């Protein structure tokens, strides 16, 4: 599986797990995707339900 497919899989599956109550540390997401982490404190992924979906 390539990098693009990995991002697609994560973007589709993570919201499902977070909605089920999984507390996924952001450090794991940053490590998995290679996205630089701004803070050194451990925070968990969450969804902002007040935002409208992108068109």
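In my numbering, the protein residues as written are 34 to 88. Where is the CB? At the ideal position from N, CA and C, for every residue including glycine. Owing to the predicted nature of the structure, the values given are computational and were not obtained by experimental measurement.
Ends of the alpha helix (DSSP H) at residue i?
| i | result |
| --- | --- |
| residue 70 | Unbroken run through residue 70: none, as it is neither H nor E. |
Should residue i and residue j be called a contact, given that it needs their Cβ atoms to be closer than 8 Å?
| i | j | result |
| --- | --- | --- |
| residue 94 | residue 57 | No answer is possible for residue 94: the residues shown for the chain start at 34 and end at 88. |
| residue 61 | residue 70 | no |
| residue 78 | residue 43 | no |
Distance cutoff 8 Å, beta carbons only. Does residue i sit that close to anything in chain B?
| i | result |
| --- | --- |
| residue 80 | Reference to chain B is not applicable here, since this structure consists of a single protein chain. |
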